[in-house]
Structures are given as structure tokens and as C-alpha cells.
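The structure appears right after this line, and notes come after that.
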Amino acid sequence: MNFTGAHILSTNQFQRQDVERIFAVADEMEPYALRKKVTRVLEGAILGNMFFEASTRTRVSFGSAFNLLGGEVRETAGFENSALVKGESLQDTARILSGFSDVICMRHPVAGSVADFASASRVPVLNGGDGANEHPTQALLDLYTIRRELAGTGGRSIDGLKIAMIGDLRHGRTVHSLGRLLSLYDNIEVVLISPEELTLPPSIIEHMRSAGAKVSISHELTNSIRDVDIVYSTRIQEERFTSKEDADLYRGKFRLNQAIYTEFCQPNTVIMHPLPRDSRADANELDSDLDDNPNLAIFRQADNGVVVRMALFALVLDVADKIHEFSYDVRWYNSRQV
Amino acid sequence: MNFTGAHILSTNQFQRQDVERIFAVADEMEPYALRKKVTRVLEGAILGNMFFEASTRTRVSFGSAFNLLGGEVRETAGFENSALVKGESLQDTARILSGFSDVICMRHPVAGSVADFASASRVPVLNGGDGANEHPTQALLDLYTIRRELAGTGGRSIDGLKIAMIGDLRHGRTVHSLGRLLSLYDNIEVVLISPEELTLPPSIIEHMRSAGAKVSISHELTNSIRDVDIVYSTRIQEERFTSKEDADLYRGKFRLNQAIYTEFCQPNTVIMHPLPRDSRADANELDSDLDDNPNLAIFRQADNGVVVRMALFALVLDVADKIHEFSYDVRWYNSRQV
Amino acid sequence: MNFTGAHILSTNQFQRQDVERIFAVADEMEPYALRKKVTRVLEGAILGNMFFEASTRTRVSFGSAFNLLGGEVRETAGFENSALVKGESLQDTARILSGFSDVICMRHPVAGSVADFASASRVPVLNGGDGANEHPTQALLDLYTIRRELAGTGGRSIDGLKIAMIGDLRHGRTVHSLGRLLSLYDNIEVVLISPEELTLPPSIIEHMRSAGAKVSISHELTNSIRDVDIVYSTRIQEERFTSKEDADLYRGKFRLNQAIYTEFCQPNTVIMHPLPRDSRADANELDSDLDDNPNLAIFRQADNGVVVRMALFALVLDVADKIHEFSYDVRWYNSRQV
Numbered sequence: 478m479n480f481t482g483a484h485i486l487s488t489n490q491f492q493r494q495d496v497e498r499i500f501a502v503a504d505e506m507e508p509y510a511l512r513k514k515v516t517r518v519l520e521g522a523i524l525g526n527m528f529f530e531a532s533t534r535t536r537v538s539f540g541s542a543f544n545l546l547g548g549e550v551r552e553t554a555g556f557e558n559s560a561l562v563k564g565e566s567l568q569d570t571a572r573i574l575s576g577f578s579d580v581i582c583m584r585h586p587v588a589g590s591v592a593d594f595a596s597a598s599r600v601p602v603l604n605g606g607d608g609a610n611e612h613p614t615q616a617l618l619d620l621y622t623i624r625r626e627l628a629g630t631g632g633r634s635i636d637g638l639k640i641a642m643i644g645d646l647r648h649g650r651t652v653h654s655l656g657r658l659l660s661l662y663d664n665i666e667v668v669l670i671s672p673e674e675l676t677l678p679p680s681i682i683e684h685m686r687s688a689g690a691k692v693s694i695s696h697e698l699t700n701s702i703r704d705v706d707i708v709y710s711t712r713i714q715e716e717r718f719t720s721k722e723d724a725d726l727y728r729g730k731f732r733l734n735q736a737i738y739t740e741f742c743q744p745n746t747v748i749m750h751p752l753p754r755d756s757r758a759d760a761n762e763l764d765s766d767l768d769d770n771p772n773l774a775i776f777r778q779a780d781n782g783v784v785v786r787m788a789l790f791a792l793v794l795d796v797a798d799k800i801h802e803f804s805y806d807v808r809w810y811n812s813r814q815v
Numbered sequence: 478m479n480f481t482g483a484h485i486l487s488t489n490q491f492q493r494q495d496v497e498r499i500f501a502v503a504d505e506m507e508p509y510a511l512r513k514k515v516t517r518v519l520e521g522a523i524l525g526n527m528f529f530e531a532s533t534r535t536r537v538s539f540g541s542a543f544n545l546l547g548g549e550v551r552e553t554a555g556f557e558n559s560a561l562v563k564g565e566s567l568q569d570t571a572r573i574l575s576g577f578s579d580v581i582c583m584r585h586p587v588a589g590s591v592a593d594f595a596s597a598s599r600v601p602v603l604n605g606g607d608g609a610n611e612h613p614t615q616a617l618l619d620l621y622t623i624r625r626e627l628a629g630t631g632g633r634s635i636d637g638l639k640i641a642m643i644g645d646l647r648h649g650r651t652v653h654s655l656g657r658l659l660s661l662y663d664n665i666e667v668v669l670i671s672p673e674e675l676t677l678p679p680s681i682i683e684h685m686r687s688a689g690a691k692v693s694i695s696h697e698l699t700n701s702i703r704d705v706d707i708v709y710s711t712r713i714q715e716e717r718f719t720s721k722e723d724a725d726l727y728r729g730k731f732r733l734n735q736a737i738y739t740e741f742c743q744p745n746t747v748i749m750h751p752l753p754r755d756s757r758a759d760a761n762e763l764d765s766d767l768d769d770n771p772n773l774a775i776f777r778q779a780d781n782g783v784v785v786r787m788a789l790f791a792l793v794l795d796v797a798d799k800i801h802e803f804s805y806d807v808r809w810y811n812s813r814q815v
Numbered sequence: 478m479n480f481t482g483a484h485i486l487s488t489n490q491f492q493r494q495d496v497e498r499i500f501a502v503a504d505e506m507e508p509y510a511l512r513k514k515v516t517r518v519l520e521g522a523i524l525g526n527m528f529f530e531a532s533t534r535t536r537v538s539f540g541s542a543f544n545l546l547g548g549e550v551r552e553t554a555g556f557e558n559s560a561l562v563k564g565e566s567l568q569d570t571a572r573i574l575s576g577f578s579d580v581i582c583m584r585h586p587v588a589g590s591v592a593d594f595a596s597a598s599r600v601p602v603l604n605g606g607d608g609a610n611e612h613p614t615q616a617l618l619d620l621y622t623i624r625r626e627l628a629g630t631g632g633r634s635i636d637g638l639k640i641a642m643i644g645d646l647r648h649g650r651t652v653h654s655l656g657r658l659l660s661l662y663d664n665i666e667v668v669l670i671s672p673e674e675l676t677l678p679p680s681i682i683e684h685m686r687s688a689g690a691k692v693s694i695s696h697e698l699t700n701s702i703r704d705v706d707i708v709y710s711t712r713i714q715e716e717r718f719t720s721k722e723d724a725d726l727y728r729g730k731f732r733l734n735q736a737i738y739t740e741f742c743q744p745n746t747v748i749m750h751p752l753p754r755d756s757r758a759d760a761n762e763l764d765s766d767l768d769d770n771p772n773l774a775i776f777r778q779a780d781n782g783v784v785v786r787m788a789l790f791a792l793v794l795d796v797a798d799k800i801h802e803f804s805y806d807v808r809w810y811n812s813r814q815v
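Residue numbers (the numbering used here), protein chains in the order written: chain A, 478 to 815; chain B, 478 to 815; chain C, 478 to 815.
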């Protein structure tokens, strides 16, 4: 695909070569994200960070990524107060807000709303999550994490990957999107571990199988994670259930801790989670005794969100090859370097 | 007036030459707003964007305008949490907040509050809307739009303008302010089209008439827009009525669509609206079938808000003649140019 | 202490020499805070301004301080929407958010939470207030104000200071923290003026006495302020009482106005208040007829928050000696200069 000026709305837009282009640019962003260097390539550009549904970390991650390229951020962080409640169409909102910025990131609670918005926007729109539908940057940062973690431990590649997806696979849009992206690669093996009522939607299983992936379904944890490269755990999406009590039925069913990891996993099995992990006693899907495990990749995963989002901004605004030209060394104390 | 260091609180401050000075500076802002060029003239300056009443678009428009001049924005977006609820006077708030920035834009639900605030501020204050009282930047961007649209279609000027104002003329503060500004020009003719209960306040009609404008009142749409240069439509200001049911009595009375436009308007009649337009079926004051009409100026009108606000910032901070000195070409992909 | 990379969590961290180092750097920030000069030393750096409890002025003061050093600000302004409600631990939040910025300022309603957060953060954390526990930058700006005001009126120094603290000394965390900081100095005399039920906690009185301060307790205003250098008034912290009615019992007990000042204070007694002052008729602890009194330091006190916070950022990021290197003259109209 041609990234310049494009909207980033769905993982379905990408071919394998597109994903690899994004990842190559993300690799180049690392010195900036680690605050070894500063680039000012987007000095004067404005991101409209339009979160019509609250999300501190995704909003701040997008905003920081844009700041790290030298740009400014104008934002909104809630639905109630927008003109939408005065009867304005999303297309009108898009025509107006796109006059205020060079690129827009949008989150909205309604599935399909971000694509609607993008159809009337005069600047590129990045989907920051539209309800239960898509969250493409999360899927990209997950796959980028898989790629880096595998390369770091034994030089494995994504082709031939064996991954276990665990938890609320029905409601978790991150596993849906990741499933689609993995279908771009060869010899993928996926083990789906969930309560029977919370398994992955059949359409996504079908999509993966028709792309050649081997997909198996399990309702048991320990024996299903014996020989996987990646354990991808998720939280019960309580907000998608009809009641807290209903969600409680499924919480804490598939807990991973260091003892289970030691007994059942391979020594270099990588542990991932889209975060937030639910650390309350009745959930605790990833125990805090894993925090010293070097294969716990969940915080590197969150960090990778910044470089992947920087890469997307650089690509849609066509500055990927000018990043270094406008750069200099960081002048302040950098605690990450120590 | 001398703009340097001045508060911008009301349309009553301006003489015709002041308005024309603002518009001349706004014209110079266009290459920056269109992202052809970047200026860093206000690099290091801070705007305090204090919205004590929510408004996504006006808040973001002010913030983006300041960013486009190279400055930073600190902001607040709600009333509940401010120190005002702990019994602090607006004057105290102003003395404190004006220590944090170089210029302040303020919106507040109480009429007169922004002027109160300005009286104790040590930096220039721009009124971003104080209840039903004033919203001077909206009136300026409306008049700037009229000037540009008329000049673009046949080289007409504001002197001699015939304009129809339609809808909730009683509560819509934008038409009040625009009425006052139009009084600065010669041979203006205004047709007020509203339900009888929602007509323009007599004081404003009197103000226009004593300035020489010809003002007529109508309760019917089609025959009243036959020979006007501008149709200025507004939404029913539901939030100013005692109940939704009360507002419903007046909604959808004066709808304009392409068929009516073709039959009754002149071929170059310009259509304006302060936005948001209410696109719900029971309101729909400007039908979406007008969206392809080249004389529909509503989105150009919103865009004009950015250059007008840039001009006001440049004037009160006295950098209008230094904009180009600190400029360079945009480095990134500009979707507006295509 | 070594400031580079340090967390600033509590006034207990500081020795006298540390406080004086902060104040020396703050002095150097004045030309930048007064907009005589601009520095870009932190251009490219990001502050994560994480306010999990609302506070317009403290949040904007931190953000402006960082902008004045050339850095960018990403922020959040409320608790409800954070991942904490999905069961995430503060440590997880810290690991993630610290990947998005170079330094974090955090306010949180729970005592001890900011230290918890800091323990897992990879970047320096500044405590912006954790419940009733600590608010170290407020104490520093108070002491900085005392130092400047005393130096300005007769060249007095903090050693030998006599200060009256007035009002709700039980709940006001600012007087708690200021009490601890004053203990670093010699020959301090403190007069505590409050209702009997709202006196300073015994632990803080004990702390001051064991450091050599002379502490007396009074329940009467006028005769207790006869020979003090500083009158430090505070508001009744209504939000810490069980009901408004309970707070009402104590409101307005110790009002200072110009008549009382003239009759009982010394001619150069300085009036301070952590703000907001409650100006409602039933409270009115500092009457507005004091606003023309040159010794009313409350607005200079708020302004001093900016330079003290700039100093802390400069110290923890180790750029205090590079500020001037990246500076230039302000290009815009500066209303503070007039």
C-alpha cells in the first residue's frame, strides 16, 4: 500500500510487506523513543488526538509518539461535551476538525464510526479503537513485540510461530486483530484457550485457517502451553458483559504464575498481555511473581506502542526518510540509559 | 484601537478600521493555516486556554491557531474542578492563571465573567464565549467569511450586503454579535426570519437601524431569501429553552435544501451556519443534499476561525509583522495541497 | 542530595543545603518566567503531567513550568477513566506511563500512592500532592516566598523568622509540609492560631520543637500577630470534614482585613496564603481590602510556584547549568514588563 496520506483504519488494509515496512521504520525510531536522540522533523505539525471515549494510556501513547517527532498535540478526552450531542453528523465533525490539524487519531465507542469520520476528513485518520471493531495499532505493536522477542531469544522469526491466546477471546478485540495479522505469515500455529462461552469468533478462526494457519481450541491451560513460543494472556472484558456477576463467572480461570511457567513452559517462552492486567485477587491472570521473569514482555510491549505509532505517523506524513536529518543528541539526564 | 496588549472582549470594541486590520492580518495567515509554511514566531510563548464550559471545536480552534504560530498551549476543559467551587473570586483566579501564560482565552457560562476576569489579568484575555453575552471571534470569523465569499463570487463587498438571518435569532449569540459588526458597514439590508417568539432582541434591531441598516422581519422562508447575498442559518438553541419539548415546537420550521435553493435563491447566494448544524431528522436546518453546492460555505467558515484567531493572537502579542521572518516550508505530506 | 534522576516525593528528603540549591536555581529562572527571555534547553523532552485528582492551578503551573524550559506536556486530569479501575496496580501504571515521558508529575487522592508509583517508574517522579500526605512543591514555593519577601523588606533572612500560621492547621497539608521545612532553619518561632479542634498535629509540633523551633499555640488572632514577620492564613478545608455544616462551625473565625492589619501587625509583616482563598461572605479569611497592601504576597507566592517547579525539573533532568546556553530574547509583547 501507499502510506502517504492514507487512513489507517483496519488490519485488513495490510499485506505482509506493509507490516514489514512499518516495522522497519519502527526500528529506526528506537533511539528517539529511548531519548538518546531528539528529532524535530514534524516541528509545526499538529496531531488532533480525538478520544471520544476515555483511554489514558492509548491517548498518551499516541500523543507522546507525535511529540517525539517534534509535533504538537491538540486533544479531547471524552464524549459528553462534543457537538455530536447537538445533532451534528460525524461527517460534519470530521470536515471541521480536519481543518485544525495535519493528522487525526480518533477513538470512538461505536463500531465503524472512525471509518465514517475518515470518509469526510481532509487529513489522514488513524483508528485508535472503534468499539468492539478494530484497534489496528494495538495489533501492530503486538506483532512487532512478537517479532522482536523471538529475534532476541534464539533468532526465531514469525514464520513458524506457535502462540497460545488465553482468556476472554470472544470480546478481546486485540486478539481478533492479532489473529488477522498473523494470517499474513507462514506456518502459524494458534492454540485458543478460553472458557467455552468465550472462544474466538468463528469468522476469525475461519480466516486464519483459510490462510493456512493451524488452529486448535482448548479449555485447559497447563498442557496447552507446553511448547508454544508466545503465551498471550488477556483480561476478562468486564465492560462487555451484561453484569459484573456474569463476568465474575469467568474471572481467574486461567492464571499464569512463575510456578506454572517453570513446570509447563519452555525456558524462552515469551509472556505477553495487551494490558491493563487485572491484578485484583479474584482475577490476577498474570501473577506479579512473574515480574522478575526476563521473558515477561508486557512492559516492552507497551513501550513498543510508541515506536510503532511514531512509524505510522512518519509514514502517512511521508517523513520516514527525513527523521535523522532534523535530529540532535539529547541534552538532559536520561534515566533509561543507566 | 491599539491591539498590542489589549483584551478582546466584545464586538463593541471595534471600529470598521479595526475589523479591517484583523482581516488583513488573517489573510496573511492563510499559507500557515493551509500548511504550506510553518512559522515559529511565538516559539516559547504559552496560551492559557481556559474553557470553564466545554466546547471541543472552539477550544481546539484557539489551541491550533496558537500552535500554528509556534506557541504552546496549556488548558482546562470543564467547570466542576476549578478553585471557583472553593469560593475563589474570578479576580483571584485571573491574577493566578495570568502568571502561567502570555495570553489567555477564556470561555465561561456566566455573562460578563470574562470581562471580570480580564480586569484582574496581567496578560491579554480573549473572550471565547461568556454565556448568552458575547463570542466576538465567532462574529469576526462570520464577517471574514462573508467578505471572502462575496469577493470570490463577483467581487462584491460588504457595503451594500443583503443578508437573511434564519432560525433561533433570540438565543443565538452569534447573530447578535454579527448584527453589531455589520452595523459598521454601509447600506446593509438584513432580513430576520424566525418564529415570532424567537425574533432578534429589539435592542440589536434598534442598534442596526440607528447605524443606517435596513432591517425587516419575516416569519416565512422562501419568499424572504429571493434576492439575498447571504443566507445565514442557525440551529434552535435547545440548551437555552426550559425543556426539550419547548424547543421541539420550533425545530425544523425553516429548512433549506437544494430544491428550495434552486427555486428561490440567486445562483451565487452564499449559505452560512455557525455550526454545529443539527442533522437529526426533526431539525435538519441545512439538508445534506446541499453538501455539493459550491456556495455552501459552512466548512470554509469553520476553517476561517483558525486564521482569524491567529490574527488576533498576532495582534495582541504584536508579532503580526514578524510572522514571515521566522518561517520555513512544511516538510511533511500536506493533504490539503492535493 | 544528588538531584539528578531523583524522585521528589517529600519535604523530608531535603537538607538545608538542598533547599538552598533549589532556591538558587529558581532565582535564575526568573527572567524566563517573566518572559524576558526564552530557553529551549528541554526542547524534545516530555513531561507526563498525571493528575489522577483534579487541580487546575497546580496542573497548569507544572505544565507551564515545563513549557518554559522548552519541553512538551502530555497530561491526564481525572481519576475515573484510568486503567486503575480495571484492576491495574499502580506499579504497572508506572512502568507503562514512564515509557511515554522523561519525567512525571503525579497527583493522586491516596496518601503514599505517589511513592508507590515512583518505586516502579523508570523516570523521575515529582509528587504533585498525594491526599492529605505531602505536597512538597507547595512547601518549597512557600518557603521560597518567605525568603524573597524577607530579603525584599529590610534584608531579613529565614533564620530568626517569626511566623503565625492561621486557620485549619489540622487538615491543611501545606502548613504541615512548611512546618517540616522551617525546621531546617535556626531560631524559628511559630505561632499556631486555630480553633482548638483544628490545631496542628502533635507529631509536627514535636518535629519542629526537637529541631529547636519555639512553638506556641493560640486560639485568638489579633494579639498573636503583633510582632510576626509572616502571617500565613489558610482556608477551612471543607472537603476533609464530614459535612458542610461541620465545616461551617469553623469558617470565618480568624479573618484578617486592612483595619486589623493596621492596628495589630508590623508595617512590613508579609501576608501569605496557599490559595485559593475563600472569598465567600461567611469565610473571607483574607479580605479583599488587603489587595492594595504591598505586603500581600499571595499572588507573588503563586507566581513563585512556576520558578520553583522549573528549578526542580532543571535539577532532576540535570540541565540547570545549560538554561542560558539555549536562550534568546522574547519576540512578543510582554505585558509583565510594562
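Cβ coordinates follow ideal geometry from the N, Cα and C atoms, glycine included. Remember, predicted model here, so these are calculated numbers, not experimental data.
Which chain A residues sit within Cβ distance under 7 Å of residue i?
{"i": "Ala791 (chain B)", "result": "The premise fails here: Ala791 (chain B) is roughly 16 Å from chain A at the closest Cβ pair, so nothing lies under 7 Å."}
{"i": "Val783 (chain B)", "result": "Gly576, Phe577"}
Shortest alpha-carbon distance to residue i belongs to which of the options?
{"i": "Val652 (chain A)", "options": "A:Gly637, A:Leu620, A:Arg624, A:Ala779", "result": "A:Leu620"}
{"i": "Leu655 (chain C)", "options": "C:Arg584, C:Tyr709, C:Ile713, C:Leu567", "result": "C:Tyr709"}
{"i": "Ile694 (chain C)", "options": "C:Glu715, C:Pro672, C:Lys730, C:Ile713", "result": "C:Pro672"}
{"i": "Ile640 (chain A)", "options": "A:Leu617, A:Ala588, A:Val602, A:Val705", "result": "A:Val705"}
Counting only beta-carbon separations shorter than 8 Å, does residue i have a partner in chain C?
{"i": "Val518 (chain B)", "result": "yes"}
{"i": "Lys514 (chain B)", "result": "no"}
{"i": "Arg754 (chain A)", "result": "yes"}
{"i": "Asp569 (chain B)", "result": "yes"}
{"i": "Ser538 (chain A)", "result": "yes"}
{"i": "Asn770 (chain A)", "result": "no"}
{"i": "Gly525 (chain B)", "result": "yes"}
Under a CB-based cut-off of 8 Å, is residue i close to chain A?
{"i": "Val600 (chain C)", "result": "yes"}
{"i": "Ala774 (chain C)", "result": "no"}
{"i": "Glu530 (chain C)", "result": "no"}
{"i": "Arg584 (chain B)", "result": "no"}
List the residues of chain C that residue i touches, going by C-beta distances under 7 Å, in chain order.
{"i": "Ala779 (chain A)", "result": "Ile573, Gly576"}
Would you kindly report the start and end of the unbroken alpha helix (DSSP H) that includes residue i?
{"i": "Ser566 (chain B)", "result": "Here Ser566 (chain B) belongs to no alpha helix (DSSP H), and DSSP marks it neither H nor E."}
{"i": "Lys721 (chain C)", "result": "721 to 725"}
{"i": "Ala501 (chain C)", "result": "493 to 510"}
{"i": "Ile737 (chain C)", "result": "735 to 741"}
May I ask which residues mark the beginning and end of the beta strand (DSSP E) holding residue i?
{"i": "Tyr805 (chain C)", "result": "804 to 806"}
{"i": "Asp607 (chain C)", "result": "602 to 607"}
{"i": "Val708 (chain B)", "result": "707 to 710"}
{"i": "His585 (chain A)", "result": "580 to 585"}
{"i": "Ala554 (chain A)", "result": "549 to 554"}
{"i": "Glu666 (chain C)", "result": "666 to 670"}
Output, in chain order, the set of chain B residues within a Cβ distance shorter than 9 Å of residue i.
{"i": "Val796 (chain A)", "result": "Arg808, Trp809, Tyr810"}
If we cut at 8 Å on Cβ distances, does residue i have a partner in chain B?
{"i": "Ala609 (chain C)", "result": "no"}
{"i": "Ser817 (chain C)", "result": "Any property of residue 817 (chain C) remains undetermined from this structure, which presents chain C solely from 478 to 815."}
Since residue i meets chain C, which of its residues come closer than 9 Å, beta carbon to beta carbon?
{"i": "Ala736 (chain B)", "result": "The premise fails here: Ala736 (chain B) is roughly 46 Å from chain C at the closest Cβ pair, so nothing lies under 9 Å."}
inquiry  = Taking 8 Å as the cut-off, does the segment 522 to 542 of chain B touch the segment 602 to 620 of chain B (at least 3 CB pairs, one atom from each stretch)?
reply    = Yes: the two stretches touch, three or more of their Cβ pairs being nearer than 8 Å.
inquiry  = Any contact between the segment 771 to 787 of chain C and the segment 746 to 755 of chain C? By contact I mean 3 or more CB pairs, one from each, below 8 Å.
reply    = The segment 771 to 787 of chain C vs the segment 746 to 755 of chain C: in contact.
message = Quick check: the segment 482 to 489 of chain B against the segment 513 to 520 of chain A, are at least 3 beta-carbon pairs closer than 8 Å?
response = no
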